[in-house]
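J.: Positions 604 to 1054 (the working numbering) are the ones given, in order, by the sequence shown. Every residue gets a Cβ at the ideal spot worked out from N, C-alpha and C, and that includes glycine. Dumping the structure here so I can ask a few things about it.
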Amino acid sequence: MTKETYANLLNELTLTAEKNNYILPETYNMYKIKRGLRNENGTGVKVGLTQVGCIQGYELDGKEKKAVEGELFYRGIKLTEIVKGFQEQKRYGFEECVYLLLFGELPTQNKLDEFNEMLDEWRTLPLHFTENMILRIPSKDIMNKLQRSILVLYSHDETPDETSVQNLLLQSMKLIARFPTIISYGYQAKAHYFDKKSLYIHAPQKGIGTAENILFMTRQDNKYTKTEAEILDLCLVIHAEHGGGNNSAFATHVVSSSGTDTYSAIASAVGALKGPKHGGANIKVREMILDIKENASNWKDRGVLKDYLLKILNKEVFNGEGLIYGMGHAVYTKSDPRAELLKEKAYELAVEKDTLEEYNLYKNIEELTIEIFKELKGEDTIICSNVDLYSGFVYEMLNIPQELYTPLFAAARVPGWCAHRIEQIVSDKKILRPAYEVVNIGNDYMPMHKR
């Protein structure tokens, strides 16, 4: 078969597949299908119960949504209170949040110290894993490398399929400890083999925690400031959990309900997060910022910036999708508590890094977008910034390469995924099996000679 024949055949098959897989949008309405598992008023379809995490972004007045200030709860405790607690004591909070999510209660100092010691023991990857799995089979995409590495860890587990609570906890803690090491080494391999940079493999250090270890392992000189470590720790904390209804957590529930192993379930969650509609939003923000800087005549001028944002909304510039990334959320209405927490800490880092002009650009985008939406849709229109508006900026100030933005999200979110998996197995023994309406019953089989 020639290349031309092959290309023509592939195009023909593509058109056939597209034609036979397309369902008219109005058909969904005809059968009252809740696309995206969303109700008509935008609320999520309830499919289960959870004690792990909760998002509050609105109140229901009958069937109508009423906007309220956003709140995020970990095991019933407000995220803002958790952050205030550890920041006032001048300590990191991620490991405390991991403990809370996994075990359902806050640890004492002794329990937290013991827990940190356990995580430290498991940060190092199994013998020869780095050489055989990461360095010999590098990937341009670190999420792809992470997903494959998780599945290979199955082979290093003596009881990979056991679903006792003790074994689930042990597997979960090992994965939480190893995610930062895998993504750090995965990036170093990518940078070396694909970008022709020098290869740096730094062993994880005991006693410094997750945030510092990530900075230590991803930087050539291992150096970082206290402010840098604190803001990365905060990023991990605010991304650790976001309720059972987000795409990757729901994937964890669905796959876990089948009774499969932890590695398969968590690899599925990573696959869900890898999708640009879920885990890649801060990359979209970064791309938008670069476009504004390159094409807006004077992005420091609020009037010029406002005009350019209007052009983005009108699909005249940037990527033509008509979206201002980092603004708006499916649940939060008046405010996203994660964005508020990160914005405050981002200012501190901007002062240290002498990047206040850039910080003001993000702040102006937030304020001007709210202003524009009120002008276009009425004074009652409510829109808020979401966590992605500032997280990409923070990662940029930390000199974290863009390839690690979503993998860092995964390293932060794996405690939430593991907590949801344990909850599913302990509390709900039924396999999740929703129904789909079939719309093509009655087709006849046609003999070969009549086709």
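Taking Cβ to Cβ, would you say residue 804 is nearer than 8 angstroms to residue 791?
T.: Yes. Within cutoff.
J.: Just to check my reading of the structure: residue 1020 and residue 892 have Cβ atoms closer than 8 angstroms, yes? What is that Cβ distance to the nearest angstrom?
T.: Between residue 892 and residue 1020 the Cβ distance is about 29 angstroms, and since that is not below 8 angstroms, they are no contact.
J.: Around the C-beta of residue 797, are 16 or more other C-beta atoms found within 10 angstroms, so that it is buried, or is it exposed?
T.: So residue 797 ends up on the exposed side.
J.: Determine the burial state of residue 656: buried for a count of at least 16 other Cβ atoms within 10 Å of its Cβ, exposed for fewer.
T.: Under this definition residue 656 is a buried residue.
J.: Quick one: what's got a C-beta closer than 7 angstroms to residue 1029's C-beta in the same chain, skipping five residues either side?
T.: Same-chain partners within the cutoff: 768.
J.: Residue 888 and residue 928 - do their beta-carbons sit closer together than 8 angstroms?
T.: Yes, the pair counts as a contact, with Cβ atoms nearer than the cut-off.
J.: Can the beta-carbon of residue 780 be found less than 8 angstroms from the beta-carbon of residue 818?
T.: Taking 8 angstroms as the Cβ cut-off, residue 780 and residue 818 do not qualify as a contacting pair.
J.: Can you give me the Cβ contacts of residue 777 inside the same chain, cut-off strictly under 7 angstroms, excluding the 5 residues immediately before and after it?
T.: 725, listed in sequence order.
J.: Return the first residue and the last residue of the alpha helix (DSSP H) that residue 812 is part of.
T.: From DSSP, the alpha helix (DSSP H) with residue 812 extends over 812 to 821.
J.: Sorted by chain position, which residues of the same chain lie with C-beta nearer than 8 angstroms to residue 918's C-beta, five sequence neighbours on each side aside?
T.: Contacts found: 924 and 925.
J.: What residue does the beta strand (DSSP E) around residue 672 start on, and which one ends it?
T.: Its beta strand (DSSP E) spans residues 667 to 677.
J.: What three-state label does DSSP hand residue 930 in the structure shown?
T.: Three-state result, residue 930: strand.
J.: Looking at chain B, is there any beta carbon in it that lies within less than 8 angstroms of the beta carbon of residue 740?
T.: The displayed structure is made up of one protein chain only, and chain B is not part of it.
J.: Quick one: is residue 903 buried, meaning 16 or more other Cβ sit within 10 Å of its Cβ, or exposed?
T.: Burial call: exposed.
J.: Which same chain residues, not among the five before or five after residue 921, have their C-beta less than 7 angstroms away from its C-beta?
T.: Excluding positions up to five away in sequence, the list reads 891, 894 and 915.
J.: Under 8 angstroms between the Cβ atoms of residue 856 and residue 707?
T.: Cβ atoms of residue 856 and residue 707: not closer than 8 angstroms.
J.: As a quick exercise: from 952, 913, 988 and 964, pick the residue whose alpha carbon is nearest that of residue 942.
T.: Of the candidates 952, 913, 988 and 964, the one whose C-alpha sits nearest the C-alpha of residue 942 is 988.
J.: Check for me: the alpha helix (DSSP H) holding residue 841 runs from which residue to which?
T.: Segment 829 to 841, the alpha helix (DSSP H) holding residue 841.
J.: So residue 737 and residue 752 are in contact, right, with Cβ under 8 angstroms, and what is the actual spacing, rounded?
T.: Yes, they are in contact, since the Cβ atoms of residue 737 and residue 752 sit about 7 angstroms apart, within 8 angstroms.
J.: Just curious, the alpha helix (DSSP H) that residue 716 is in, first and last residue?
T.: That run of the alpha helix (DSSP H) goes 712 to 725.
J.: Just verifying my parser: in three-state terms, what is the DSSP assignment at residue 882?
T.: Here residue 882 sits in coil by DSSP.
J.: Which whole-angstrom value is the C-beta distance of residue 940 and residue 682, which I expect to be below 8 angstroms?
T.: Their Cβ separation, rounded to whole angstroms, is 6 angstroms, which keeps residue 940 and residue 682 in contact under 8 angstroms.
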